[in-house]
Amino acid sequence: MVKRISTPLSDEVVESLRAGDKVLITGYIYTARDAAHKRMVEALRRGEELPFDVKGQIIYYAGPTPPKPGMVIGSVGPTTAIRMDPYVEPLLKLGLKGMIGKGYRSEKVKELLKKYKAVYFAAVGGVATLLQRHVKKVELVAYEDLGTEAIRRLWVEDFPVIVANDAFGGDVFEEGRTRYARI
Amino acid sequence: MREVPVSEIKKAVKELIIEANYKIPEDALRAYEEALKKEQSPLGKEVLQQIIENAKIAREQGLPYCQDTGIDVVFIFLGQDVRVTGGSIEEAVNEAVREATKEGYLRASVVWDPVFERKNTGDNTPAIIHYEVVPGDKIKIVVAPKGAGSENTSRLAMLKPADGWEGVKKFVVETVKQAGPNACPPFTVGVGIGGNFEYCAYLAKKALLRPVGQRHENPLIARVEEELLEEVNKVGWGPMGFGGLVTAVDVKVEMYPCHIASLPVAVNIQCHANRHAQREI
């Protein structure tokens, strides 16, 4: 079964999701990866505001290729999420509800998802042209000088993801591997 | 002595970078189609379907298969009877990277310096260039853009000779296990065994240039490849790490003699965006 959700996310929606669920996301999501996270967390440390209100929002760990003429965005698949783990808590504290990336998270982040009622989605890494088709609109939000690592607001329709870590400690990678491991 | 203008190298490298990014080689694509037949995990099958669909869109529409268009790794097998004229090979390769990145709408993913400022160079330069001097009067160029998701999970170990085959096997399997979902399986795993510290890493990378599904011509190495492939697929990660039978579609091994006191092993993890393109001038 496929669940359809839209952003911003409420606690109720987050709590309805379980690791392994196939989900289609519609609405605004925000791209940010290594350099943008570093800047956001440094801004918070200095007592400054973030370039966008993260409350209820989803951050997509991605840095697209430049669009060809006539396209809204280039290829845009997820990057490895675990590199962003050191920056997650301050954003969750401000109400961030979801993250999209690839690969597993640290134990610490899994605990934080429970504590702050948030969810981590995995998109299929590398299928960047297929995912690009679900992005209908793109606006630059902040940090233009970072190039591909700038924060962008994307309007996505039926963006396909899988719930990797839910708000109850569920983990699709652990569960999946345990089922198929032969050593 | 045959003369080749350096501009021909530039032209070839530029075209190969774009080709590699848009067109996953047939051998890799065939391996994913075979994997789809073998895979039993429902999520794993779905991932493989997305991978195959993505490869088709990228080819047909001329788009980068993956948004991480990588750092450009360029192998130049330079025939010893060739004289390259009209400028430096290194500059020609980097100019090719610059032009391919811009004209092919590829991502600039390289920073300098690596530790402090990490400022994007803006045009994906410089490339990593490997030169080998070989017999003949041709130049063979292989371009292999490499993303960081899988490169970051690659490892090297200086094992003890007493660790033997079991030690090698354990290190390869452990590396694949640790790489897991982060490195975008199904993988092709490149393994270099022997040589020394830097040479076994080079061999692991070079091993990946052989077509997926093709066994090594040396029967001993061919057996090693088969056994390692079977072992790494017992790990159970499956496509994108959601669980499954196909964690790797192939393991490629290169071996080299080593010091009496050494047993170096390097494992280079290649994600499913197994991008290679080559040409002979």
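Chains as they are written, first to last, in my numbering: chain A, 35 to 217; chain B, -10 to 270. Every residue, glycine too, gets a C-beta built ideally from N, C-alpha and C.
Which residues in the same chain as residue 146 of chain A place their Cβ atom closer than 7 Å to its Cβ, once the five residues preceding and following it in sequence are excluded?
Along the first sequence, read from residue 1 onward, the residue named residue 146 of chain A stands at position 112. Only 122, 123, 126 meet the Cβ criterion.
Between the C-alpha atoms of residue 139 of chain A and residue 20 of chain B, what's the straight-line distance to the nearest angstrom?
Position 105 of the first sequence, counting from 1, holds the residue named residue 139 of chain A. Position 31 of the second sequence, counting from 1, holds the residue named residue 20 of chain B. Between the C-alpha atoms of residue 139 of chain A and residue 20 of chain B there is a straight-line separation of about 29 Å.
Quick check on this structure: which residue in B:31, B:-6, B:152 has the alpha carbon closest to the alpha carbon of residue 251 of chain B?
Start at 1 with the first residue of the second sequence, and residue 251 of chain B comes out as number 262. For the set B:31, B:-6, B:152, the Cα lying nearest the Cα of residue 251 of chain B is the one of B:152.
Is the segment 226 to 236 of chain B in contact with the segment 152 to 163 of chain B, if contact means three or more CB pairs nearer than 8 Å?
At 8 Å Cβ cutoff, the stretches do not touch.
Identify, in the order they occur along the chain, each residue of the same chain with its Cβ nearer than 7 Å to the Cβ of residue 129 of chain A, setting aside the five sequence neighbours on each side.
Mapped onto the first sequence, residue 129 of chain A falls at position 95. Its chain contains 88, 89, 90 as the residues whose beta carbon lies nearer than 7 Å to that of residue 129 of chain A, once the 5 sequence neighbours on both sides are disregarded; these appear in chain order.
Return the residues of the segment 57 to 76 of chain A that lie within a Cβ-Cβ distance of less than 9 Å from chain B, sorted by chain order.
Listed in sequence order: 68, 69.
Residue 270 of chain B beta carbon less than 8 Å from that of residue 164 of chain A
Within the first sequence, numbered from 1, the residue matching residue 164 of chain A stands at position 130. Within the second sequence, numbered from 1, the residue matching residue 270 of chain B stands at position 281. If you check the CB distance, residue 164 of chain A and residue 270 of chain B do not come in under 8 Å.
Count the other CB atoms within 10 Å of the CB of residue 35 of chain B; is the residue buried (16 or more) or exposed (fewer)?
Translated into positions along the second sequence, residue 35 of chain B becomes position 46. Around the beta-carbon of residue 35 of chain B, 16 or more other beta-carbon atoms lie within 10 Å, marking it buried.
On the criterion of 16 or more Cβ atoms from any shown chain inside 10 Å, does residue 49 of chain A qualify as buried, or is it exposed?
Position 15 of the first sequence holds residue 49 of chain A. Looking at its Cβ environment, which holds fewer than 16 other Cβ atoms inside 10 Å, residue 49 of chain A is exposed.
Since residue 193 of chain A meets chain B, which of its residues come closer than 9 Å, beta carbon to beta carbon?
Sequence index remark: in the first sequence, residue 193 of chain A carries index 159 (1-based). At a beta-carbon threshold of 9 Å, none of the residues of chain B lie near residue 193 of chain A; the nearest stands roughly 13 Å away.
Taking Cβ positions, are residue 262 of chain B and residue 177 of chain B nearer each other than 8 Å?
Position 273 of the second sequence, counted from the first residue, corresponds to residue 262 of chain B. Position 188 of the second sequence, counted from the first residue, corresponds to residue 177 of chain B. Cβ distance not < 8 Å, so residue 262 of chain B and residue 177 of chain B don't count as in contact.
Among B:11, B:257, B:72, nearest to residue 188 of chain B - alpha-carbon criterion
Your numbering for residue 188 of chain B matches position 199 in the second sequence. Shortest Cα-Cα distance from residue 188 of chain B to any of B:11, B:257, B:72 involves B:257.
So, with DSSP's three-state summary, where would you put residue 226 of chain B?
Taking the second sequence and counting its residues from 1, one reaches residue 226 of chain B at position 237. If DSSP states are grouped into helix, strand and coil, residue 226 of chain B belongs with coil.
Could you please give me the residues that DSSP links to residue 205 of chain A through a beta bridge?
Position 171 of the first sequence, counting from 1, holds the residue named residue 205 of chain A. Bridge partners of residue 205 of chain A according to DSSP: A:199.
Applying the 10 Å Cβ sphere with the 16-neighbour rule, what's the burial state of residue 83 of chain B?
Against the second sequence, residue 83 of chain B aligns to sequence position 94. Residue environment analysis places residue 83 of chain B among the buried positions, since at least 16 neighbouring C-beta atoms fall within 10 angstroms of its C-beta.
Can you list the residues of chain A that residue 7 of chain B reaches, using a CB-CB cut of under 7 Å?
The count along the second sequence starts at 1 and reaches residue 7 of chain B at position 18. Neighbours of residue 7 of chain B in chain A, taken as residues at a C-beta separation under 7 Å, are lacking, since the least C-beta distance is about 12 Å.
Whose CA, out of B:167, B:191, B:219, lies closest to the CA of residue 216 of chain A?
Translated into the one-based positions of the first sequence, residue 216 of chain A becomes position 182. Residue B:219 holds the alpha-carbon nearest to the alpha-carbon of residue 216 of chain A among B:167, B:191, B:219.
Listed in chain order, which residues of the segment 84 to 111 of chain A have Cβ atoms closer than 8 Å to some Cβ of chain B?
Of all residues in the segment 84 to 111 of chain A, only 96, 97, 98, 99, 100, 101, 102, 108, 109, 110, 111 place a beta-carbon less than 8 Å from a beta-carbon of chain B.
Outcome for residue 194 of chain A when other beta-carbon atoms lying within 10 angstroms are tallied against a minimum of 16:
For the purposes of this step, residue 194 of chain A is taken as residue 160 along the first sequence, with counting starting at 1. Counting the other CB atoms within 10 Å of its CB gives residue 194 of chain A a total of 16 or more, which places it among the buried residues.
Quick one: measure Cβ to Cβ for residue 153 of chain A and residue 131 of chain A, integer angstroms, because I've assumed they're closer than 8 Å.
Numbered from 1 along the first sequence, position 119 holds the residue referred to as residue 153 of chain A. Numbered from 1 along the first sequence, position 97 holds the residue referred to as residue 131 of chain A. The beta-carbon distance between residue 153 of chain A and residue 131 of chain A, rounded to whole angstroms, is 7 Å. This is short enough to meet the 8 Å contact definition.
Given this structure, state the Cα-to-Cα distance separating residue 199 of chain A from residue 206 of chain A, to the nearest angstrom.
Your numbering for residue 199 of chain A matches position 165 in the first sequence. Your numbering for residue 206 of chain A matches position 172 in the first sequence. So the alpha carbons of these two residues sit roughly 7 Å apart.
When you compare only the Cα positions, how much space is there between residue 177 of chain A and residue 64 of chain A?
Here residue 177 of chain A is taken as the residue at index 143 of the first sequence, counted from 1. Here residue 64 of chain A is taken as the residue at index 30 of the first sequence, counted from 1. Cα-Cα distance, rounded: 13 Å.
CA-CA distance, residue 40 of chain A and residue 60 of chain A?
Position 6 of the first sequence holds residue 40 of chain A. Position 26 of the first sequence holds residue 60 of chain A. Between the C-alpha atoms of residue 40 of chain A and residue 60 of chain A there is a straight-line separation of about 5 Å.
Per DSSP, what are the beta-bridge partners of residue -6 of chain B in this structure?
Start at 1 with the first residue of the second sequence, and residue -6 of chain B comes out as number 5. Beta-bridge pairing links residue -6 of chain B to B:74.
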